[in-house]
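Participant: Take my numbering: the last position of the sequence shown gets the number 203, and nothing is skipped along the way.
So that we are looking at the same thing, I have put the structure below in C-alpha cells.
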Amino acid sequence: MNFVAIVFILIALGIIVFTKNMVYAVFSLLAVMLGLVILYVYLGADFVATAQLMIYVGGILVLLIMGVMLAPRNQEKTLIPVNYRRNFSAAIVALALGGVLMKEVLFLKFTDVKNPLQATTEKIGISFLTEYLVAFEVAGILLLVALVGASSIAGKKISKF
C-alpha cells in the first residue's frame with residue numbers, strides 16, 4: 043500500500059514537471075495531494091489526512107482549477123524561453139540531492155513501535171474542548187471577524203438604483 047501510494051505520487055509529480063498544459067499540471071497536483079492523503083492514512087495520521095483532504099484538495103485545488111479554467115487563453119505556444127543549460131544543471135543538482143536522500147532512506151534503521159497507533163482525531167477534539175477551549179474560541183471569533191470584514195470590504199459597491 044505504501045509503495046503504491048509513493049509510485050502514484052511520483053508519476054503525478056513527473057506529469058506536473060514535464061507537461062506544458064496547465065490544466066494537466068493542476069489535475070496532477072490533485073493526484074499528488076490525494077496520494078499524500080493515502081500516505082497519511084497509512085501512517086495512522088487520520089486528522090492530518092482529513093485536514094489535507096478538506097483544505098488542500100477541497101479548497102485550494104478547486105480554487106486553482108477554477109482560476110485556470112476561467113483565465114483567458116494565451117495564443118502563444120511558449121511563455122517562457124527554454125534555457126537548456128540551466129535545465130541540465132538543475133537536473134544534475136536534483137539527481138545529486140535525490141541520490142543522497144535515497145541513500146539515507148535505504149540505510150535507515152526502523153524500530154518497532156511499542157504502542158500501536160491510535161486514532162488522533164478524538165484526542166485532538168477532546169483537547170480542543172478541554173485544555174485549549176479558550177484558544178479554540180478565540181480562533182473561531184478571529185475567523186468570524188475576518189469573514190465579516192472581508193464581506194464588508196467586498197460589499198461596499200454603491201448602486202444607483
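Backbone N, C-alpha and C define an ideal beta-carbon position, used for all residues, glycine too.
For M111 and G167, I'd like the C-alpha separation in whole angstroms.
Facilitator: Answer to the nearest angstrom: the Cα atoms are 37 Å apart.
Participant: Whose C-beta lies closer than 7 Å to the C-beta of V90 among residues of the same chain, with five residues either side of it excluded?
Facilitator: These residues qualify, in order along the chain: Y82.
Participant: When DSSP labels each residue in this structure, what does R128 get in the three-state scheme?
Facilitator: Correct three-state label for R128: helix.
Participant: Using a Cβ-Cβ cut-off of 8 Å (strictly less than) and excluding sequence neighbours within five positions of V70, which residues of its own chain qualify?
Facilitator: The question names Val, yet the displayed sequence has Ser at residue 70. Closer than 8 Å at the Cβ level, and outside the excluded window around S70, lie A54, L55, I57, I58, T61.
Participant: F178 lies in the alpha helix (DSSP H); which residues open and close that run?
Facilitator: 175-196 is the span of the alpha helix (DSSP H), which, as asked, contains F178.
Participant: Determine the burial state of L171: buried for a count of at least 16 other Cβ atoms within 10 Å of its Cβ, exposed for fewer.
Facilitator: L171 is exposed by the Cβ-count criterion.
Participant: Just the Cα atoms here: how many angstroms apart are A196 and Y66?
Facilitator: Taking the straight line joining both Cα atoms gives about 32 Å.
Participant: What do you get for L148, buried or exposed, if any count of 16 or more other CB atoms within 10 angstroms of its CB means buried?
Facilitator: So L148 ends up on the exposed side.
Participant: Please name the residue in V79, A87, K145, L185 whose C-alpha comes closest to that of E164.
Facilitator: Ranking V79, A87, K145, L185 by Cα distance to E164 puts A87 first.
Participant: L143 to I134, Cα distance in whole Å?
Facilitator: The alpha-carbon atoms of L143 and I134 are separated by roughly 14 Å.
Participant: Contact defined as beta carbons within less than 8 Å: I believe V49 pairs with L103. What is the distance between those atoms, to the nearest angstrom?
Facilitator: In fact, because the Cβ distance is near 21 Å, the residues do not count as touching under 8 Å.
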